[in-house]
Every structure is written in C-alpha cells, then in structure tokens.
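Offset between the sequence shown (1-based) and my numbering: plus 411.
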Amino acid sequence: MGRASGAEPTTTPSRRLVLLRHAKAEPASELPDESRPLALRGRDQAGKVGAALVASGLVPDAVLVSGALRTRQTWDLMRKHLGEPPVAYTDDLLGAMPRGVLALVRELEPAARTVLVIGHEPAMAGTAELLAGPGSEDGALAQVRVGVPTATYSVLEADLAWAEWDRKSARLTEVTRPA
412 MGRASGAEPT TTPSRRLVLL RHAKAEPASE LPDESRPLAL RGRDQAGKVG AALVASGLVP
472 DAVLVSGALR TRQTWDLMRK HLGEPPVAYT DDLLGAMPRG VLALVRELEP AARTVLVIGH
532 EPAMAGTAEL LAGPGSEDGA LAQVRVGVPT ATYSVLEADL AWAEWDRKSA RLTEVTRPA
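Okay, structure coming up:
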C-alpha cells in the first residue's frame, strides 16, 4: 500500500478526500454496535494515523465523523496531531453505503480543500472504489476492491468542486495503514 513512484502530481489538486476506517474496536458484545469503544491497539493506531497524516501533508480543513463511539474516539486521539479543524459528527455514516458517503461529500463547504471522513467498512473502501477514476494507482485500487483493515486511509484527489464529485471522477493516489 502506498503512493506509486512517479505518480506525484505536479500541482496540488483543488480537493483531497481522505477516507479513514476507524481504528481497532473492541469485539462485539452486549453493547449496541455504535457503542463499541476502541481497543487498546486501536488507541495506539489512532495516534499513529494522526501523525502519518501530518507527515504526508494531509492535515484536514474539515472532518466528518460517524456518530459511533469508536469513530469519535479515533478522531479524539488523532486531533492532537491535526489541530482543531471544523468537525461534523453524523449518524448518516453509520451503515452508509458508498452513494450515501458521496452525498455527504457533495455537501462539503467549498472552501475546504482537504477533508477527512472517519467511518466504517465496507463504506470507506467502497466509496474510494466508486470515486476512483483514470490515473488511479493500481495497487491502491486493488486494495479498496477487497476492503481495508482498521486504521487505514485512502486518498483521492480531483480538480473539481465537492458538489461535482461523482463516480470515477477522482484519482485514488494511495491507501496507507500507518499502524
């Protein structure tokens, strides 16, 4: 997983979308699914993802976070690295399908250039696959087609306003699991 050599854009794209599957959660139990907390391993993963995003120049201007406890905890542990961008918590990411995630992306503030979405599988990988068009990195595309592990993020770029993002309209440049 990672960026293909020689695939570096010569200019910064107008928009970058970072789709992150939350960090490792505790196994299913008597708790409702949306109430499952992060496991100890997940707490460690979340901090590493935050540091990796900074190191990669992927500091978000805005963040969308699922209302589930494990996604909120993932963000809380990441933000010490990423500052305090505007954050929207939404239950619309719980059980969302890729088209539902895309609908949320299309509603993003036009001023946001890099947006982080913290959600769940299969929606995060499915959304990356849905949006990946010409110029996408082959290895990254192969990974999202089979799904992504916890604490893994996909990066998509496009020279389009958020409202114009659609099927095959972006370049999938990397899939990274820093932890």
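Even for Gly, the Cβ is constructed at its ideal location relative to N, Cα and C.
Residue i - containing beta strand (DSSP E), residue span
| i | result |
| --- | --- |
| A499 | V498 to T501 |
| A569 | Y564 to A569 |
| G537 | Per DSSP, G537 belongs to no beta strand (DSSP E); it is in the alpha helix (DSSP H), A534 to L542. |
| R377 | Because residue 377 is not part of the residues shown, which for the chain are 412 to 590, the question remains open. |
Cα-Cα separation between residue i and residue j, rounded to whole angstroms
| i | j | result |
| --- | --- | --- |
| G417 | S440 | In this prediction, G417 scores a pLDDT of 41, lower than 50, which makes its location untrustworthy; no coordinate-derived value is stated. |
| V476 | I529 | 5 angstroms |
| T421 | V566 | For T421, the predicted model reports a pLDDT of 46, less than 50, meaning its position is unreliable and no value from the coordinates is stated. |
| P521 | P497 | 13 angstroms |
| Q554 | E568 | 17 angstroms |
| E419 | L583 | Caution is warranted here: a pLDDT of 46 is assigned to E419, below 50, making its placement in the model unreliable, and no coordinate value can be reported. |
| R414 | A551 | For R414, the pLDDT reaches just 41, beneath the cut-off of 50, and the residue's location in the model is therefore unreliable, leaving the point undetermined. |
| R588 | A523 | 24 angstroms |
| R447 | D570 | 37 angstroms |
| V470 | L464 | 6 angstroms |
| G461 | D487 | 10 angstroms |
| M412 | L442 | Because the pLDDT of M412 is 46, which lies under 50, any placement of that residue in the model is unreliable, and the number read from its coordinates should be weighed accordingly. Between M412 and L442, the C-alpha separation is close to 33 angstroms. |
| E437 | D502 | 20 angstroms |
| A450 | K435 | 6 angstroms |
| R578 | G506 | 20 angstroms |
| M508 | H433 | 16 angstroms |
| R556 | A536 | 7 angstroms |
| D444 | P424 | 37 angstroms |
Closest residue to residue i among the options (Cα-Cα distance)
| i | options | result |
| --- | --- | --- |
| D472 | L515, A450, V526 and G511 | V526 |
| R490 | V474, Y500 and L480 | V474 |
| G468 | R517, W486 and L428 | L428 |
| G458 | A569, P497, L493 and E518 | L493 |
| L431 | Q456, L442 and P424 | Q456 |
| Y500 | R483, G506, P509 and A581 | R483 |
Delimiting residues of the alpha helix (DSSP H) encompassing residue i
| i | result |
| --- | --- |
| V429 | Here V429 belongs to no alpha helix (DSSP H); instead the beta strand (DSSP E) covers R426 to R432. |
| G461 | L451 to A466 |
| G550 | D549 to V557 |
| L513 | P509 to R517 |
Cβ neighbour criterion (16 or more within 10 Å) applied to residue i
| i | result |
| --- | --- |
| G478 | exposed |
| E585 | buried |
| L542 | buried |
| E575 | exposed |
| A466 | exposed |
| P581 | Strictly speaking, residue 581 in this sequence is Ala, with Pro absent from that position. With 16 or more other Cβ atoms within 10 Å, it is buried. |
| R517 | exposed |
| R426 | buried |
Taking three-plus beta-carbon pairs below 8 angstroms as touching, is the region 505-525 in contact with the region 543-552? Between the region 505-525 and the region 543-552, the count of C-beta pairs closer than 8 angstroms stays below three; the two stretches do not touch.
Flag this pair as touching only if the region 531-538 and the region 558-565 have three or more C-beta atom pairs under 8 angstroms; answer yes or no. At 8 angstroms Cβ cutoff, the stretches touch.
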